[in-house]
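Q: Before I ask anything, here is the structure I am working with.
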Amino acid sequence: MDFSKFFARSPADVAGDLIGAHMTYRGVGGIIVETEAYHRADPASHSFNGRTPRNSVMFGPPGYAYVYRSYGIHWCLNFVCEPASAVLIRAVEPRDGLGAMEERRGMTALRMLCSGPGRLCQALGISGDDNGLPLDAPPFALALPQGAAPLHVGPRIGITKAVDEPLRFGLKGSAFLSKKF
DNA sequence: TTCTGGATTGTCT
DNA sequence: GACAATCCAGAAC
Numbered sequence: 001m002d003f004s005k006f007f008a009r010s011p012a013d014v015a016g017d018l019i020g021a022h023m024t025y026r027g028v029g030g031i032i033v034e035t036e037a038y039h040r041a042d043p044a045s046h047s048f049n050g051r052t053p054r055n056s057v058m059f060g061p062p063g064y065a066y067v068y069r070s071y072g073i074h075w076c077l078n079f080v081c082e083p084a085s086a087v088l089i090r091a092v093e094p095r096d097g098l099g100a101m102e103e104r105r106g107m108t109a110l111r112m113l114c115s116g117p118g119r120l121c122q123a124l125g126i127s128g129d130d131n132g133l134p135l136d137a138p139p140f141a142l143a144l145p146q147g148a149a150p151l152h153v154g155p156r157i158g159i160t161k162a163v164d165e166p167l168r169f170g171l172k173g174s175a176f177l178s179k180k181f
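Going by full-length UniProt numbering, the final residue of the first sequence carries number 181, and the count climbs one at a time with no gaps.
In structure tokens, the structure reads:
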């Protein structure tokens with residue numbers, strides 16, 4: 001599928017189809033195994049209360065990275081979809097640049113490197129400086145998956161609003177999910 | 001200008 | 001299983 005058209009859809013569709021995609025940042029990355037969808041009418045979405053300087057990227061064109069700080073400590077990486085919606089990247093199966101990830105995370109346990117949005121950004125070295133960058137140009141590289149991957153679908157994690165909506169997607173049987181479905 | 005709460009993680013029990 | 005750490009955006013005043 002065409003790259004720009006891939007992201008110009010509802011976040012639930014994009015989140016499911018992103019499972020199995022190969023993503024790298026400065027040559028470090030792996031296979032996306034867990035995502036969450038945040039649509040425009042979602043009370044848990046940053047875009048729900050309207051456009052602000054922080055979330056303005058979500059209101060821009062699809063196929064861009066939206067990075068924000070969570071709990072004052074962690075960075076979280078999102079992919080912008082149709083206007084005012086995005087997909088949160090929650091977990092990646094490490095494949096490329098393992099040494100760099102282990103060094104940044106300060107550990108070598110493979111399944112602890114990228115199993116969570118904060119850990120993922122730390123392992124890849126993503127920060128707020130990368131907010132608003134296109135996903136089809138360096139330092140990002142994204143290869144869309146060939147065919148549909150076997151999916152788990154379940155309620156989202158770590159939020160306080162609209163908790164029960166089944167908008168979390170994961171690769172079935174993966175050992176690199178942040179939590180079991 | 002001040003205050004509040006969060007799309008999390010690591011550590012301790 | 002429970003909880004503290006830590007800081008910025010957004011809202012209220």
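C-beta atoms are modelled at their ideal positions from N, C-alpha and C, and glycine is treated no differently. Computed from a predicted structure; not experimentally measured.
Rounded to the nearest angstrom, what separates Gln-122 and Arg-104 at their Cα positions?
A: Straight-line Cα distance between these residues: approximately 7 Å.
Q: Going by Cα to Cα distance, which pick from Phe-140, Ala-100, Pro-138 and Asn-78 is closest to Ala-37?
A: Checking every option, the nearest Cα to that of Ala-37 belongs to Asn-78.
Q: Where in the segment 68-152 do unbroken runs of the beta strand (DSSP E), each at least 3 residues long, occur, reported from the N-terminal end onward?
A: Fully enclosed beta strand (DSSP E) runs of 3 or longer: 74-80, 86-96 and 140-143.
Q: First and last residue of the alpha helix (DSSP H) that includes Leu-18?
A: Per DSSP, Leu-18 belongs to the alpha helix (DSSP H) from 11-18.
Q: Anyone know if the C-beta pair for Gly-20 and Leu-124 falls short of 8 Å?
A: No; because the gap between Cβ atoms is not below 8 Å, this pair is not in contact.
Q: Provide the residue span of the beta strand (DSSP E) that contains Phe-169, from first to last.
A: First-last of the beta strand (DSSP E) with Phe-169: 168-171.
Q: So Cys-76 and Ala-91 are supposed to be a Cβ contact under 8 Å. How far apart are they, rounded?
A: So it is not a contact: roughly 12 Å between Cβ atoms.
Q: For Leu-135, I'd like the list of residues in its chain whose CB is within less than 7 Å of its CB, leaving aside the five on either flank, ordered along the chain.
A: Here the set comprises Gly-63, Tyr-64, Ala-65, Phe-79 and Leu-142.
Q: Restricting to Cα atoms, I'd like to know which of Pro-138, Pro-117, Ser-56 and Val-87 is closest to Arg-9.
A: Of the listed residues, the one whose Cα sits closest to Arg-9 is Val-87.
Q: Helix, strand or coil for Val-33, going by three-state DSSP, please let me know.
A: In the structure shown, Val-33 sits in a strand (DSSP, three-state: E or B).
Q: Inspect the beta-carbon positions of Met-101 and Val-28 and report whether they are closer than 8 Å.
A: Contact flag set, yes.
Q: Expressed to the nearest angstrom, what Euclidean distance is found between the alpha-carbon atoms of Lys-5 and Ser-174?
A: Approximately 28 Å between the Cα atoms of the pair.
Q: Which whole-angstrom value describes the C-beta separation of Pro-150 and Glu-165, a residue pair presumed to lie in contact below a C-beta threshold of 8 Å?
A: Pro-150 to Glu-165, Cβ: 21 Å. No contact.
Q: Could you check where the alpha helix (DSSP H) with Ser-4 kicks off and where it finishes?
A: Segment 3-7, the alpha helix (DSSP H) holding Ser-4.
Q: Just to confirm, are Gly-128 and Arg-69 a CB contact at a threshold of 8 Å?
A: Yes, the Cβ-Cβ distance between Gly-128 and Arg-69 is below 8 Å.
Q: State the start and end residues of the unbroken beta strand (DSSP E) segment that holds Met-23.
A: Element bounds for Met-23: 22-25.
Q: If Phe-176 and Gly-16 are in contact, beta carbons under 8 Å, what's the gap, nearest whole angstrom?
A: About 17 Å separates the two Cβ atoms, so there is no contact after all.
Q: Looking at C-alpha atoms only, which residue of Met-58, Gly-118 and Val-67 is the closest neighbour of Glu-82?
A: The option with the nearest alpha carbon to Glu-82 is Met-58.
Q: Using a Cβ-Cβ cut-off of 8 Å (strictly less than) and excluding sequence neighbours within five positions of Ser-47, which residues of its own chain qualify?
A: So the qualifying residues of the chain are Tyr-38, Arg-40, Asn-55, Met-58, Phe-59, Ala-84, Ser-85 and Ala-86.
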